Amino acid sequence: DVKVTQSSRYLVKRTGEKVFLECVQDMDHENMFWYRQDPGLGLRLIYFSYDVKMKEKGDIPEGYSVSREKKERFSLILESASTNQTSMYLCASSFSGQAYGYTFGSGTRLTVV
Amino acid sequence: QKEVEQNSGPLSVPEGAIASLNCTYSDRGSQSFFWYRQYSGKSPELIMFIYSNGDKEDGRFTAQLNKASQYVSLLIRDSQPSDSATYLCAVRPIQGAQKLVFGQGTRLTINP
Chain R
1 DVKVTQSSRY LVKRTGEKVF LECVQDMDHE NMFWYRQDPG LGLRLIYFSY
51 DVKMKEKGDI PEGYSVSREK KERFSLILES ASTNQTSMYL CASSFSGQAY
101 GYTFGSGTRL TVV
Chain G
1 QKEVEQNSGP LSVPEGAIAS LNCTYSDRGS QSFFWYRQYS GKSPELIMFI
51 YSNGDKEDGR FTAQLNKASQ YVSLLIRDSQ PSDSATYLCA VRPIQGAQKL
101 VFGQGTRLTI NP
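Okay, here's the thing in structure tokens:
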């Protein structure tokens, strides 16, 4: 069964902490994505990567950075967590090509206090 | 204008009826279209993909695409309470684009 695995289901962090969210896929997908999902705002793209060591900003990159050192792993970093980063974070991956949609991980619900 | 628009709902449908979910998109060059189902507290899962005009059927689900009118719809026949979820429409805007553009989703409730 193909999988996108996010390291934590629930996470509570303090304001100002550096936070790492990890995502690993076992499908040999080229593309990986980080979204956040908030009520009434839908899915918002933070960053994505289409190859190892490549990254592109999405719609809301401020306050976040990413790392992709290996094809299967895409990390989201909150440099200094703030309360407005409390959200559900979703990782997704896909093959390149017209016919391919995303496979999502199960999500990490992050609370910053 | 939003790139991908959906009625947020809630859409309430009696059990056994046909649920019809609609989505419009602004980029006329869009190539492929996806429907995701998201249960409360869960992540989205892909249920349908379509890229040619017309209908595509998969079990109780039918996706319909009309590129001239720039809309895509999802029909769910014989609706079941387990179909109650939020349905997200996603569009790949141009050939070669790797990221999808998502609508806000339509919340569907099937009433027993």
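Protein chains in written order, with the working numbering: chain R, 1 to 113; chain G, 1 to 112.
A virtual CB, placed ideally from N, CA and C, is assigned to each residue, including glycine.
Predicted model only: the values in this text are computed from it and were never measured.
**OP:** Measure the CB-CB distance between VAL157(G) and GLN80(G) and report whether it falls below 8 angstroms.
**Re:** Because chain G spans 1 through 112 in this model, residue 157(G) falls outside it and cannot be assessed.
Original post:
Looking only at its own chain, which residues have a Cβ that is under 6 angstroms from the Cβ of THR111(R), when we skip the five neighbours before and after it?
Top reply: Position 111 of the first sequence, counted from the first residue, corresponds to residue 111(R). Annotation for THR111(R): VAL12, THR86 place their beta carbon closer than 6 angstroms to its own, counting only its chain and skipping 5 residues before and after.
Subject >> Three-state secondary structure (DSSP) of GLN37(R) >> reply: On the first sequence, residue 37(R) is found 37 positions in, with the first residue counted as 1. Strand.
Original post:
Would the beta-carbon of TYR37(R) fall within 8 angstroms of that of THR108(R)?
Top reply: Counting from 1 along the first sequence, the entry for residue 37(R) is found at position 37. Counting from 1 along the first sequence, the entry for residue 108(R) is found at position 108. At residue 37(R) the sequence reads Gln, which differs from the Tyr that was named. Taking 8 angstroms as the Cβ cut-off, GLN37(R) and THR108(R) do not qualify as a contacting pair.
Subject >> Exposure of TYR87(G), with buried meaning 16 or more beta-carbon neighbours within 10 Å >> reply: Start at 1 with the first residue of the second sequence, and residue 87(G) comes out as number 87. Classification of TYR87(G): buried, given that the 10 Å Cβ count is 16 or more.
**OP:** Use the C-beta contact count for PHE74(R): other C-beta atoms within 10 angstroms, 16 or more gives buried, fewer gives exposed.
**Re:** In the first sequence, the residue the question calls residue 74(R) occupies position 74. PHE74(R) is buried by the Cβ-count criterion.
**OP:** Tell me, please, whether the region 90–102 of chain G touches the region 38–55 of chain R by the rule of three or more beta-carbon pairs shorter than 8 angstroms.
**Re:** The answer is yes - the region 38–55 of chain R touches the region 90–102 of chain G, with three or more Cβ pairs under 8 angstroms.
Original post:
Between the C-alpha atoms of GLU45(G) and ALA68(G), what's the straight-line distance to the nearest angstrom?
Top reply: In the second sequence, residue 45(G) corresponds to position 45, counting from 1. In the second sequence, residue 68(G) corresponds to position 68, counting from 1. Cα to Cα, GLU45(G) sits roughly 28 angstroms from ALA68(G).
Original post:
Which bits of chain R does PRO44(G) rub up against, with CB to CB less than 7 angstroms?
Top reply: Taking the second sequence and counting its residues from 1, one reaches residue 44(G) at position 44. Here the neighbours are PHE104.
Original post:
Which residue from THR103(R), SER106(R), GLN98(R) puts its Cα closest to that of PHE33(G)?
Top reply: Taking the second sequence and counting its residues from 1, the one referred to as residue 33(G) is at position 33. Checked all of THR103(R), SER106(R), GLN98(R); the closest Cα to PHE33(G) is GLN98(R).
Subject >> Local conformation of GLN31(G) per DSSP, three classes >> reply: If you number the second sequence from 1, residue 31(G) lands on position 31. Per DSSP, reduced to three states, the secondary structure at GLN31(G) is coil, with no helix or strand assignment.
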